[in-house]
Amino acid sequence: MAAPRRDTRGIVDAAELLARVRFRRREPAPPLRPYLEHYWLIDWDLNQPYASHVVPHPSVNVVFQRFEGQEPFAEIAGIGLGLFTQKLEGAGRVCGVQFRPGGFRPFAPDHPVGDWTGRRVRLPDADPGAVLSPDDEDARVAALDAFLLGLGPRPDPEADRAMALADRIRTDRSVRRVADLARTEGVSVRLLQRLFAAYVGVGPKWVILRYRIHEALERAETSTDVDWAALAADLGYADQAHLVRDFKATVGVPPTAYSPRREPGGPPRGPGSGPGSSPGLGSAQEPNGNASV
0 MAAPRRDTRG
10 IVDAAELLAR
20 VRFRRREPAP
30 PLRPYLEHYW
40 LIDWDLNQPY
50 ASHVVPHPSV
60 NVVFQRFEGQ
70 EPFAEIAGIG
80 LGLFTQKLEG
90 AGRVCGVQFR
100 PGGFRPFAPD
110 HPVGDWTGRR
120 VRLPDADPGA
130 VLSPDDEDAR
140 VAALDAFLLG
150 LGPRPDPEAD
160 RAMALADRIR
170 TDRSVRRVAD
180 LARTEGVSVR
190 LLQRLFAAYV
200 GVGPKWVILR
210 YRIHEALERA
220 ETSTDVDWAA
230 LAADLGYADQ
240 AHLVRDFKAT
250 VGVPPTAYSP
260 RREPGGPPRG
270 PGSGPGSSPG
280 LGSAQEPNGN
290 ASV
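Residue numbering for the sequence shown follows numbering that gives the first Met the number 0, beginning at 0 and increasing consecutively.
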């Protein structure tokens with residue numbers, strides 16, 4: 000596995016967020032790297048409340064969280080289907096584990112990953128203090144390693160296959176339709192859909208569309224002169240209107256109106272803006288509406 004990625008894809012107005020919090024990505028222990036993208040660590044101490052907005056990746060996360068005025072807790076964050084907003088205020092800390100698409104199932108083999116999609120589920124048997132309390136960042140990473148290695152991920156060839164297919168969707172611009180992916184892989188569309196439901200948590204079409212939106216959002220964040228019609232064609236859209244529809248449905252504003260500048264704590268500005276069998280993972284309980292970054 001490569002080193003943790005350095006891009007900010009999925010973070011709405013990344014510059015604004017990074018100006019307010021301390022955000023880092025760290026690499027897990029070698030035995031965990033086949034399953035994980037990276038760890039992500041956030042600390043903040045704010046004078047005024049701030050709302051972060053993220054277009055989630057097609058990845059399950061396990062998140063250890065400490066918010067001011069609350070007891071620390073840990074939870075499984077299934078794939079989010081829409082824009083995720085988290086209010087940050089006072090001082091706090093989050094230590095997260097981002098699994099590769101398809102990489103979570105070996106840690107909870109008795110549950111199809113689709114069971115977690117759109118849900119945030121508490122981990123009552125986890126010890127959030129062991130991860131969140133150390134001031135030393137290396138100690139926090141070591142605690143995350145110990146927690147995950149203690150769950151004993153089970154090798155699974157189908158998980159390996161799902162991870163490889165999801166990675167191909169992310170990196171191969173020629174993958175624009177599920178039928179084309181199925182044909183080049185020598186499998187049926189239905190088999191791909193079943194594999195993704197069981198091991199990724201969303202369908203392959205959803206993954207294709209989500210990575211397109213990440214690319215469009217990254218362009219909007221880093222360029223002041225985007226040729227949206229050309230980008231739509233490059234991303235495999237039939238026309239610019241289809242890109243505009245998907246972008247607006249996900250981010251809240253059309254790409255041509257999106258501005259990464261915001262009012263403090265507000266959503267992106269623009270017309271119409273709006274906002275298993277493992278001991279820890281198999282016995283999770285529903286949370287009470289808490290969320291993480």
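Beta carbons are placed, not taken as given, at the ideal position from N, Cα and C, and that holds for glycine.
Residue closest to residue i, alpha-carbon to alpha-carbon, out of the options
i: PRO55; options: PRO100, LEU45, ARG25; result: PRO100
i: ASP144; options: GLU157, ILE78, PHE63; result: PHE63
i: GLN85; options: ALA18, TYR49, ALA228, GLY95; result: TYR49
i: VAL93; options: LEU122, LEU208, PRO71, PRO203; result: PRO71
i: ALA231; options: ASP135, ALA240, THR223; result: ALA240
i: LEU148; options: GLY95, PRO27, ILE78; result: PRO27
i: ASP137; options: ALA18, LEU40, PRO30; result: LEU40
i: ARG211; options: ARG176, PHE103, SER187; result: ARG176
i: PRO254; options: TRP227, GLY89, ALA165; result: TRP227
i: GLU88; options: ALA165, GLY68, ARG24; result: GLY68
i: ASP155; options: ALA129, SER173, ALA18, PHE106; result: PHE106
i: GLY251; options: VAL53, VAL20, ASP42, ALA18; result: VAL53
i: LEU31; options: ARG19, ASP134, ARG153; result: ARG153
i: PHE22; options: ILE78, SER58, GLY91; result: GLY91
i: VAL201; options: ARG172, ARG104, ASP224, THR170; result: ARG104
i: GLY9; options: TYR236, GLU214, ARG193; result: GLU214
i: ARG24; options: ASP44, SER51, LEU45, PHE98; result: PHE98
i: THR170; options: ASP134, ARG209, LEU191, ASP224; result: ARG209
i: ASP135; options: ASP42, THR183, ARG193; result: ASP42
Continuous alpha helix (DSSP H) stretch holding residue i: start and end
i: THR249; result: 239–250
i: TRP295; result: Not covered by the structure: residue 295. The range shown for the chain is 0 to 292.
i: TYR236; result: It is not in any alpha helix (DSSP H) - TYR236 carries neither H nor E in the DSSP assignment.
i: ILE212; result: 203–221
i: GLU136; result: 136–149
i: VAL177; result: 177–184
i: ILE168; result: 156–170
i: ALA196; result: 188–198
i: ALA28; result: Premise fails: ALA28 is in no alpha helix (DSSP H) and is neither H nor E.
i: ALA107; result: Taken as a continuous stretch (DSSP letters only), ALA107 belongs to no alpha helix (DSSP H), as it is neither H nor E.
Burial state of residue i, where buried means 16 or more other Cβ atoms lie within 10 Å
i: ASN60; result: buried
i: GLU15; result: buried
i: ALA161; result: buried
i: SER222; result: exposed
i: ALA13; result: buried
i: THR249; result: buried
i: ASP6; result: exposed
i: VAL11; result: buried
i: GLN47; result: exposed
i: LYS151; result: Correcting the residue type first, residue 151 is Gly in the shown sequence and not Lys. With fewer than 16 other Cβ atoms within 10 Å, it is exposed.
i: SER301; result: The requested residue 301 is not part of the displayed model; the chain covers only 0 to 292.
i: GLY185; result: exposed
i: ARG189; result: exposed
i: PRO127; result: buried
i: ARG172; result: exposed
Cβ separation of residue i and residue j, assumed to be a contact under 8 Å, to the nearest whole Å
i: LEU82; j: GLY117; result: Not a contact, Cβ separation roughly 13 Å.
i: ALA73; j: ALA125; result: 4 Å
i: GLY102; j: ALA158; result: 7 Å
i: TYR257; j: ALA219; result: 5 Å
i: PRO203; j: LEU234; result: At roughly 16 Å, the Cβ-Cβ gap does not stay under 8 Å, so PRO203 and LEU234 are not in contact.
i: PRO57; j: ILE75; result: That pair is no contact at about 15 Å.
i: ALA237; j: VAL206; result: So it is not a contact: roughly 19 Å between Cβ atoms.
i: ARG65; j: LEU122; result: With a Cβ gap of about 14 Å, ARG65 and LEU122 do not count as contacting.
i: VAL174; j: ARG167; result: 6 Å
Residue i: first and last residue of the uninterrupted beta strand (DSSP E) it sits in
i: GLN85; result: 83–87
i: TYR257; result: No beta strand (DSSP E) contains TYR257, which DSSP labels as neither H nor E.
i: HIS41; result: It should be pointed out that residue 41 corresponds to Ile in this sequence rather than to His. Start and end: 35–44.
i: VAL62; result: 60–65
i: GLN97; result: 90–98
i: GLU70; result: Premise fails: GLU70 is in no beta strand (DSSP E) and is neither H nor E.
i: PHE22; result: 21–25
i: VAL120; result: 119–121
i: VAL112; result: From DSSP, VAL112 is part of no beta strand (DSSP E); its letter is neither H nor E.
i: VAL174; result: Per DSSP, VAL174 belongs to no beta strand (DSSP E) and is neither H nor E.
i: ALA50; result: 49–53
### Query
Three or more beta-carbon pairs under 8 Å between the region 95–114 and the region 197–212, yes or no?
Verdict: yes, contact present.
### Query
How about the region 242–252 and the region 27–45: do they share at least three Cβ pairs that are nearer than 8 Å?
Between the region 242–252 and the region 27–45 there are fewer than three C-beta pairs closer than 8 Å, too few to call the two in contact.
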